[in-house]
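Enquirer: Let me begin by handing over the structure; questions about it come next.
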Amino acid sequence: MVKITYIQPDGSSQTVDATAGMTVMETAKKHMIDGIEAECGGACACATCHVYVDAAWREKTGGPSDMEEDMLDFAFDVRPESRLSCQIKVTDALDGLIVRVPEKQF
Amino acid sequence: MAEGNGTSTPIETDAVIIGAGPCGLFAVFELGLLDIKAHVIDILDRPGGQCAELYPEKPIYDIPGLPVVTGQGLTDSLMAQIKPFGATFHYSQRVDQLAKLEDGRFRLKTDLGTEFIAKVVVVAAGGGSFTPKRPPLAGIEAYEGTSVFYSVRRMDDFRDKDVLVVGGGDSALDWTLNLQPVARSLTLLHRRDDFRGAPHSVEQMRALVRDGKIALLIGQMTALKGGNANLSAITVKTKDGETDVAANRLLPFFGLTMKLGPVADWGLNLNENLVLVDTEKFETNTPGIFAIGDINWYPGKLKLILSGFHEAALMAQAAHKIVYPGKKLLFQYTTSSSSLQKKLGVS
Ligand SMILES: Cc1cc2nc3c(=O)[nH]c(=O)nc-3n(C[C@H](O)[C@H](O)[C@H](O)COP(=O)(O)OP(=O)(O)OC[C@H]3O[C@@H](n4cnc5c(N)ncnc54)[C@H](O)[C@@H]3O)c2cc1C
Ligand code: FES
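Protein chains in written order, with my numbering: chain A, 473 to 578; chain B, 12 to 358.
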């Protein structure tokens with residue numbers, strides 16, 4: 473089991489079990505994490521699954537692909553650590569991953 | 012085709028289909044086989060609904076008989092398949108009103124003023140009408156329609172104004188190019204110095220920046236300033252910190268999202284924003300108004316394109332009874348029926 477921690481804008485956090493092969497968005501939906509809307513169901517077509525990857529994990533998750541970078545144009549308050557959580561696949565190497573949920577999804 | 016007919020003479024037809032998504036398009040086919048003529052209305056400027064607007068290039072794997080097809084590919088194939096039935100399309104307008112007339116028919120009116128009188132209505136409105144995304148900035152609603160616009164309907168609204176256009180796609184670029192000559196000043200704001208729009212438009216935009224005719228700013232909006240529905244400045248976060256851009260017109264282009272919209276006002280029974288139908292005819296609580304595709308709900312409903320296709324076929328059988336009362340309907344296959352093949356233009 474891989475653990476992922478989601479931190480809300482108010483500082484509260486939830487650590488949940490994730491399965492390798494699922495995405496960080498799917499894991500959030502499964503555990504009903506607030507603030508991850510994922511309107512398009514993970515097709516990289518809505519940008520409502522925006523998260524900030526914790527600095528310590530940015531290297532492991534890598535940056536956005538070109539398509540994801542384009543889609544990030546539709547997100548609010550985009551930062552260098554921004555990713556669309558439906559585009560981050562859970563792997564064993566991501567055990568302990570910390571992501572922050574933004575204040576607002578568009 | 013995008014204009015309203017403007018006159019007071021409504022278009023009379025057998026069926027009006029609200030929504031040109033995959034299910035609305037296939038309804039043209041099923042109705043057409045039963046000699047029911049249709050007009051199709053969509054707020055978008057082209058057919059395909061979600062498939063064309065949200066995922067034109069992505070693959071769909073669960074259309075029976077098509078191992079893989081893209082959203083745009085499916086739309087193109089459906090348009091080819093329904094061509095023989097000569098439906099009339101009315102794009103870039105939203106159906107706002109739907110009411111029953113005394114003679115049992117229905118009257119519809121769009122936001123452009125086009126009116127229709129139809130014997131049956133098929134609501135194929137999907138997730139609702141596509142509406143521009145509103146930036147989550149505090150107080151933005153108060154400026155909408157006076158200082159904040161999501162599309163340009165009249166260039167004059169921007170004449171001699173200080174305009175801030177936000178976005179990195181074709182809409183933002185096109186309106187930057189089109190409004191620059193009429194605006195007093197124009198600033199284009201985007202979060203990165205990379206644009207998704209057509210390369211030619213990007214070049215034209217960069218030329219205007221070089222000539223000092225527009226300003227290009229890289230950053231993101233954080234707040235609006237002004238009062239009494241009049242915007243005076245937009246606070247923008249750039250890599251050098253926050254700055255205020257003086258502007259009295261804001262045009263944010265952040266794509267589209269689906270909102271139920273007017274469908275909620277037509278007296279149809281809803282279940283959590285979805286139109287309740289039966290599973291024999293896919294008819295709503297108002298006889299003669301049907302609902303198919305993502306917009307409807309019944310026990311067991313799946314929001315799948317193939318389910319919407321099935322719903323269209325059964326709906327058409329029921330619509331036939333209303334359009335041709337007393338006429339008996341023979342069940343026929345397209346493979347073997349010469350009369351169906353004639354309608355399809357293949358025999
Ligand atoms: C990213 C993504 C991937 C998907 N993948 C699949 C898949 O693999 N397989 C599958 O089966 N399904 C898939 N779907 C779902 C599928 O796209 C929908 O089920 C399908 O589009 C529904 O079709 P529809 O015709 O009912 O509605 P829509 O496609 O939503 O079209 C409805 C149209 O009606 C218009 N409209 C609404 N109200 C009005 C009004 N008042 N006036 C004028 N126009 C109006 C809208 O503008 C819209 O164009 C996917 C969806 C998304 C977002
Ligand atoms: S869920 Fe829509 S982009 Fe990630």
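Each residue gets a CB set at the ideal place from its N, CA and C atoms; glycine is no exception.
In or out: GLN577/A buried (at least 16 other Cβ within 10 Å) or exposed?
Expert: It is buried - the Cβ of GLN577/A has at least 16 other Cβ atoms within 10 Å.
Enquirer: State yes or no: is the beta carbon of PRO147/B nearer than 9 Å to at least one beta carbon in chain A?
Expert: So, interface residue.
Enquirer: Ligand 2: which residues have Cβ under 7 Å from any of its heavy atoms, chain order?
Expert: Here the list is MET497/A, ALA510/A, GLU511/A, CYS512/A, GLY513/A, GLY514/A, ALA515/A, CYS516/A, ALA517/A, CYS518/A, ALA519/A, THR520/A, CYS521/A, MET543/A, LEU556/A, SER557/A, CYS558/A, GLN559/A.
Enquirer: Taking C-beta pairs closer than 7 Å, name the residues in chain A that GLN231/B reaches, listed in chain order.
Expert: Per Cβ cutoff of 7 Å: ASP549, VAL550.
Enquirer: Just by C-beta distance, which residues in the segment 482–515 of chain A are closer than 8 Å to chain B?
Expert: Result list: GLU511, CYS512, ALA515.
Enquirer: Helix, strand or coil for PRO146/B, going by three-state DSSP, please let me know.
Expert: Correct three-state label for PRO146/B: coil.
Enquirer: Taking the C-alpha atoms as reference points, what is the distance between SER350/B and GLU41/B?
Expert: Distance between the alpha carbons of SER350/B and GLU41/B: 14 Å.
Enquirer: Taking MET497/A as part of the alpha helix (DSSP H), name the residues at either end of that continuous run.
Expert: Looking at the DSSP string, the run of the alpha helix (DSSP H) that includes MET497/A is 496–502.
Enquirer: Could you tell me whether the Cβ atoms of ILE47/B and VAL334/B are closer together than 9 Å?
Expert: A contact, by the Cβ cut-off of 9 Å.
Enquirer: Please go through the segment 25–102 of chain B and give each complete beta strand (DSSP E) segment of 3 or more residues, from N-terminal end onward.
Expert: Fully enclosed beta strand (DSSP E) runs of 3 or longer: 49–52, 99–101.
Enquirer: Let me check you understand the geometry: is the CB of GLU68/B closer than 8 Å to at least one non-hydrogen atom of ligand 1?
Expert: No.
Enquirer: What are the boundary residues of the alpha helix (DSSP H) that includes LEU188/B?
Expert: Its alpha helix (DSSP H) spans residues 181–190.
Enquirer: First and last residue of the alpha helix (DSSP H) that includes GLN328/B?
Expert: That run of the alpha helix (DSSP H) goes 316–334.
Enquirer: CB-CB under 6 Å to MET473/A, same chain, minus the five flanking residues each way: which ones, in chain order?
Expert: Here the set comprises ASP489.
Enquirer: Closest to LYS6/B by CA distance: which of GLY82/B, THR157/B, LEU188/B is it?
Expert: The displayed coordinates of chain B run from 12 to 358. Any statement about residue 6/B would go beyond what the structure contains.
Enquirer: Please classify SER348/B: does DSSP put it in a helix, a strand, or coil?
Expert: The answer is coil: DSSP assigns SER348/B none of H, G, I, E or B.
Enquirer: Step through the CB atoms of chain A and report whether any lies within less than 9 Å of the CB of SER358/B.
Expert: No, SER358/B does not count as interfacial toward chain A.
Enquirer: Go to GLU541/A, then tell me how far its alpha helix (DSSP H) extends in each direction, as first and last residue.
Expert: Element bounds for GLU541/A: 538–544.
Enquirer: Got a sec? Which residues, its chain only, sit under 6 Å from PHE264/B by beta carbon, not counting five neighbours each side?
Expert: Counting only Cβ-Cβ distances below 6 Å, and skipping sequence neighbours, we find GLY178, SER182, ALA183.
Enquirer: Check each candidate in LEU242/B, LEU119/B, THR268/B, MET269/B and name the one with the smallest Cα separation from VAL256/B.
Expert: Among LEU242/B, LEU119/B, THR268/B, MET269/B, the Cα nearest to that of VAL256/B belongs to LEU242/B.
Enquirer: With burial defined as no fewer than 16 other Cβ atoms inside 10 Å of the residue's Cβ, what is the status of THR345/B: buried or exposed?
Expert: Answer is exposed; the Cβ neighbour count stays below 16.
Enquirer: Give the secondary structure of THR533/A by DSSP, where H, G and I count as helix, E and B as strand, and everything else as coil.
Expert: Three-state DSSP puts THR533/A in a helix.
Enquirer: Residues in its own chain within less than 6 Å of GLU14/B by CB, not counting five upstream and five downstream?
Expert: Note that GLU14/B scores 48 on pLDDT, short of 50, meaning its location in the model is unreliable; the coordinates nonetheless yield the value given after this. Nothing meets the Cβ criterion.
Enquirer: Any heavy atom of ligand 1 inside 8 Å of the beta-carbon of ASP56/B?
Expert: No, since every heavy atom of ligand 1 falls outside the 8 Å radius drawn around the Cβ of ASP56/B.
Enquirer: For the segment 66–88 of chain B, list every residue whose C-beta sits within 7 Å of some C-beta in chain A, in sequence order.
Expert: Correct list: TYR66, LYS69.
Enquirer: Starting from LEU242/B, follow its DSSP beta bridges and name the residues at the other end.
Expert: According to DSSP, LEU242/B bridges with GLY237/B.
Enquirer: Report the option in THR495/A, ALA500/A, THR491/A, GLU511/A whose CA atom is closest to the CA atom of GLN480/A.
Expert: Cα-wise, what sits closest to GLN480/A is ALA500/A.
Enquirer: Output needed for VAL80/B: all residues of its chain with C-beta closer than 8 Å, excluding positions within five of it in sequence on either side, in chain order.
Expert: Counting only Cβ-Cβ distances below 8 Å, and skipping sequence neighbours, we find PRO70, ILE71, ILE74, SER88.
Enquirer: I'd like the list of long-range same chain contacts for ASP530/A, defined as Cβ closer than 7 Å, with 5 residues on each side in sequence excluded.
Expert: Rather than Asp, the amino acid found at residue 530/A in this sequence is Arg. Around ARG530/A: GLU553.
Enquirer: Under 9 Å between the Cβ atoms of LEU119/B and VAL106/B?
Expert: In this structure, VAL106/B lies closer than 9 Å to LEU119/B by Cβ.
Enquirer: Please report the distance separating the alpha-carbon of GLY59/B from that of ALA129/B.
Expert: Cα to Cα, GLY59/B sits roughly 23 Å from ALA129/B.
Enquirer: Check LYS292/B in the structure and name its three-state DSSP category.
Expert: Reduced to three states, the DSSP call for LYS292/B is coil.
Enquirer: Give a yes or no on whether 9 Å exceeds the smallest Cβ distance from HIS101/B to chain A.
Expert: It does not: the Cβ of HIS101/B has no partner Cβ on chain A nearer than 9 Å.
Enquirer: Please list, in chain order, all residues of the same chain as THR477/A whose beta carbon is under 6 Å from its beta carbon, the five residues on each side excluded.
Expert: If we look at THR477/A and ignore the five residues flanking it on each side, its Cβ neighbours are SER485, THR487, ILE570.
Enquirer: Could you check whether the segment 293–304 of chain B touches the segment 318–330 of chain B, counting it as contact only if at least three pairs of C-beta atoms, one from each stretch, sit closer than 8 Å?
Expert: Verdict: yes, contact present.
Enquirer: Beta carbon of VAL562/A, beta carbon of ALA515/A: below 9 Å?
Expert: No, the pair does not count as a contact, with Cβ atoms beyond the cut-off.
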